[in-house]
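In what follows, a single structure is set out as structure tokens and then discussed.
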Amino acid sequence: QVYAFVFHCTMSTQAQIFRVLLTGGPGAGKSSALATLCDKLTKRGYHCIVVPENATVLLDHSGGYDSAWHGTVKHVRMQQAFLRYQQAQEDAYASLAELRDQPVVIIHDRGCLDGRLFCTKEQWEQVLSGCGATEEQLLKRYDLIVHMTTCASGMEKFYDFGPGSSNPSRYHDVEQAKHADVLAQQVYIKHPQVRVVGNFTEFRRKIETVVRYVFDALHIDGLGGPRIRRTLLRKRDNSDCPCGWGAPPPGGGR
596 QVYAFVFHCT MSTQAQIFRV LLTGGPGAGK SSALATLCDK LTKRGYHCIV VPENATVLLD
656 HSGGYDSAWH GTVKHVRMQQ AFLRYQQAQE DAYASLAELR DQPVVIIHDR GCLDGRLFCT
716 KEQWEQVLSG CGATEEQLLK RYDLIVHMTT CASGMEKFYD FGPGSSNPSR YHDVEQAKHA
776 DVLAQQVYIK HPQVRVVGNF TEFRRKIETV VRYVFDALHI DGLGGPRIRR TLLRKRDNSD
836 CPCGWGAPPP GGGR
């Protein structure tokens, strides 16, 4: 079975900048993918900029999340603060990227719509309204979105959380991690360029798939001018994971 992928998105035109959003459920391997991408892109002559995830930093330096906020207007106001900060942070890094004389790849460790994972539908509508933003506007901030599936989905033995784990700040249990992963796919599915990376028996293959998706986009469309509509054919591979390399997201996709 063969799937057609169409690369057709708006390149940042002020400079040679390509914007990648790396997202996914908890325990997906994003940190490893970020490090590998930066290393390989740098060796290929690109200047790599990483826009860090902001919610954890903001909470860590402000006394943490108060559980009393859950389900109240204070939770909405907190998410509005996160979204405004995320937009300002992305814009600041983009401004620095424009100073470079070489092609730049900006990798976002989560993005503006990730707040939806921690809100009800009604709360998220309030967040967007309070920030004067729409999902469509926020999606246009990225050229390519790569979703990495949590290892809690199909490879539960590798997933850990809470005190004593490899990531003590991670609080999702297995079922919550699965739910967050599915919701993250739904949040970004409206973007014209979404790539979903499933789990592999060998973790290095998962990272290699992330790198391949990014390099495919760079190779096909380049960084030197307007994007051209092109179609890629990728054979579905289900040998290792339920969402094999080249497969669309479960329940739909592109």
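Take any residue in the sequence shown, note its place counting from 1, add 595, and you have its number in this note's numbering. Even glycine gets a Cβ: it sits at the ideal position worked out from N, Cα and C.
Original post:
Over what stretch of residues does the alpha helix (DSSP H) that includes residue 618 continue unbroken?
Top reply: Counting along the chain, residue 618 falls outside any alpha helix (DSSP H), though it belongs to the beta strand (DSSP E) covering 612–619.
Original post:
So what does residue 646 bridge to, in DSSP terms?
Top reply: 703
**OP:** Report the three-state DSSP secondary structure of residue 665 (helix, strand or coil).
**Re:** coil
**OP:** Find the nearest neighbour of residue 745 within the set 729, 775 and 664, judged by alpha-carbon distance.
**Re:** 775
Original post:
Where does residue 784 sit, in a helix, a strand or coil, going by DSSP?
Top reply: coil
Original post:
Do residue 685 and residue 646 come within 7 Å of each other at the CB atom, strictly closer than that value?
Top reply: yes
Subject >> Simplified DSSP state of residue 742, which is helix, strand or coil >> reply: strand
Original post:
Between residue 709 and residue 618, which are expected to be in contact by the criterion C-beta below 8 Å, what is the C-beta distance as a whole number of angstroms?
Top reply: 6 Å
Original post:
Would you call the CB atoms of residue 805 and residue 683 closer than 7 Å?
Top reply: no
**OP:** Can you give me the start and stop residues for the alpha helix (DSSP H) that residue 799 sits inside?
**Re:** 798–816
Subject >> Burial state of residue 648 (16 or more Cβ within 10 Å) >> reply: buried
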